[in-house]
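The sequence shown begins at 1 in UniProt numbering and counts up one residue at a time.
Glycine is no exception: its CB is placed at the ideal position from the N, C-alpha and C atoms.
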Amino acid sequence: MSEAYIEHYTEGTTLFIVLNRPEKYNCFGMLELEAVEQLLMDAETDSEIRAVAFQGKGEKAFSTGANLGEFKALDDQGIADWIRKGHVVFNYLACFPKPTVALLQGYVLGGGLELALACDFRLARETVVMGCPELRHGWLPGWGGMHRLQRCIGDAAARELVFLSENLDAAAALRLGLVHRVFGKVEWEPECSAWLEKLALADPEAVKMAKAAFSKDSQTDATAISEDVQRTLRLRTK
Numbered sequence: 001m002s003e004a005y006i007e008h009y010t011e012g013t014t015l016f017i018v019l020n021r022p023e024k025y026n027c028f029g030m031l032e033l034e035a036v037e038q039l040l041m042d043a044e045t046d047s048e049i050r051a052v053a054f055q056g057k058g059e060k061a062f063s064t065g066a067n068l069g070e071f072k073a074l075d076d077q078g079i080a081d082w083i084r085k086g087h088v089v090f091n092y093l094a095c096f097p098k099p100t101v102a103l104l105q106g107y108v109l110g111g112g113l114e115l116a117l118a119c120d121f122r123l124a125r126e127t128v129v130m131g132c133p134e135l136r137h138g139w140l141p142g143w144g145g146m147h148r149l150q151r152c153i154g155d156a157a158a159r160e161l162v163f164l165s166e167n168l169d170a171a172a173a174l175r176l177g178l179v180h181r182v183f184g185k186v187e188w189e190p191e192c193s194a195w196l197e198k199l200a201l202a203d204p205e206a207v208k209m210a211k212a213a214f215s216k217d218s219q220t221d222a223t224a225i226s227e228d229v230q231r232t233l234r235l236r237t238k
């Protein structure tokens, strides 16, 4: 049986979830989605864990999103299951009762950006390249990414990023509010560690309540998920 390309470790009170397929720019598929979901479920009930951080293995990419080789081999039912699973996992992440942080470097594209958008905070290295290339390839951001992008950077900027399929560098991403901070190579690790340490200082119950308030409109509902499935299937058969 195949294993998911996911690693995890705990440092202090933070669970680190690592996308571990650097030779494929840390792309991910169904197994990886299921592994992330299980790790989040375990972390939710672990009182020692105060925050969850996502990383991509290596310096080339945080993640370029979906494993297209796996995706293109799916039949219609497989595609529907894939899209629904992505929505379930990213909705869970967006409403997770503990702070979540995406630690971004290199390429953050497609589903990789959608994963980052489902996190509370996005910290970036100056090497980051972010974008939504899906329309250029005949697909759509299929895991709630357009909704979260619009909520994050506003309607006009979100439309421009999606329709033009152009990438943003670190400065542009920071200017739009797509990332919270940008750091150079030397300051990257200590600054990220300091950020996570500060998150751990907050009262867990108060954090849970604050997350619930902030996450009220962050989920994609059943209608939106069904529409994503139908749009993707129509594009597949054009």
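For residue i, the three-state DSSP class (helix, strand or coil)
i	result
phenylalanine 96	coil
alanine 51	strand
glutamate 37	helix
threonine 10	strand
residue 241	Since the first and last residues shown for the chain are 1 and 238, residue 241 lies out of range.
methionine 1	Here methionine 1 scores only 43 on pLDDT, less than 50, and its place in the model is too uncertain to base an answer on.
leucine 168	strand
alanine 73	coil
leucine 199	helix
leucine 135	helix
aspartate 81	helix
proline 22	helix
proline 190	helix
leucine 140	coil
aspartate 42	helix
Own chain partners of residue i with C-beta closer than 7 Å, once the 5 adjacent residues on each side are dropped
i	result
glycine 177	Cys152 and Ile153
glutamine 150	Ala158
Assigned exposure category for residue i - 16 Cβ within 10 Å defines buried
i	result
phenylalanine 163	exposed
leucine 15	buried
alanine 35	buried
alanine 73	exposed
threonine 64	buried
methionine 41	exposed
residue 284	Here the chain comprises residues numbered 1 to 238, so residue 284 is not present and cannot be evaluated.
aspartate 120	buried
N-terminal and C-terminal residue of the alpha helix (DSSP H) that residue i is part of
i	result
residue 297	The chain is shown only over 1 to 238; residue 297 falls outside these bounds and no answer can be derived.
phenylalanine 214	204-214
glycine 177	Element bounds for glycine 177: n/a, residue is neither H nor E.
glycine 131	Where glycine 131 is concerned, there is no enclosing alpha helix (DSSP H), although the beta strand (DSSP E) it sits in stretches over 129-131.
histidine 147	145-153
Where the beta strand (DSSP E) through residue i begins and ends
i	result
alanine 61	61-63
One or two residues paired with residue i in a DSSP bridge
i	result
alanine 124	Leu104 and Val182
alanine 66	Phe28
isoleucine 17	His8 and Phe54
Own chain partners of residue i with C-beta closer than 8 Å, once the 5 adjacent residues on each side are dropped
i	result
glutamate 70	Gly29 and Met30
alanine 51	Thr13, Thr14, Leu15, Lys98, Pro99, Thr100, Val101, Leu196, Leu199 and Ala200
Cut-off 6 Å between Cβ atoms - residues of its own chain near residue i, not counting five sequence neighbours on either side
i	result
aspartate 169	none
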